[in-house]
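Enquirer: In the working numbering, the protein residues as written are 41 to 99.
Where a beta carbon is used, it is the ideal one built from N, C-alpha and C, also for glycine.
Bear in mind the structure is a predicted one, so any value in this text is a computation, not a measurement.
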């Protein structure tokens, strides 16, 4: 099992800054889960020509 790179995590969290007023632990967990899921499903990230939406429940 590979873990998402620090740069991939930081890039995704930086993108969240434009959508959320503050960062919470669940957002970080969601980013990590989403990046790992993309890896498991073989989805190359980032995809500049498209948007990928994922709903990740952590509760």
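Secondary structure at residue 57, three-state DSSP: helix, strand or coil?
Expert: To locate residue 57, count along the chain shown from 1; it is residue 17. Coil at residue 57, not helix or strand.
Enquirer: Can you tell me the Cα-Cα spacing of residue 68 and residue 53, whole angstroms?
Expert: As a first step, residue 68 must be located in the chain shown, where it is residue number 28. As a first step, residue 53 must be located in the chain shown, where it is residue number 13. About 7 Å.
Enquirer: Answer with buried or exposed for residue 58, where buried requires no fewer than 16 other C-beta atoms within 10 angstroms of its C-beta.
Expert: As a first step, residue 58 must be located in the chain shown, where it is residue number 18. Residue 58 is exposed by the Cβ-count criterion.
Enquirer: What is the residue span of the alpha helix (DSSP H) that residue 68 lies within?
Expert: In the chain shown, counting from the first residue as 1, residue 68 sits at position 28. Taken as a continuous stretch (DSSP letters only), the alpha helix (DSSP H) holding residue 68 covers 65-81.
Enquirer: Spatial neighbours of residue 92 within its chain, please: CB distance less than 8 Å, with the 5 preceding and 5 following residues excluded, ordered by chain position.
Expert: Position 52 of the chain shown, counted from the first residue, corresponds to residue 92. Same-chain partners within the cutoff: 78, 83 and 85.
Enquirer: Taking the Cβ atom as the reference point for each residue, do residue 75 and residue 55 lie within a distance shorter than 9 Å?
Expert: Numbered from its first residue, the chain shown carries residue 75 at position 35. Numbered from its first residue, the chain shown carries residue 55 at position 15. Cβ atoms of residue 75 and residue 55: not closer than 9 Å.
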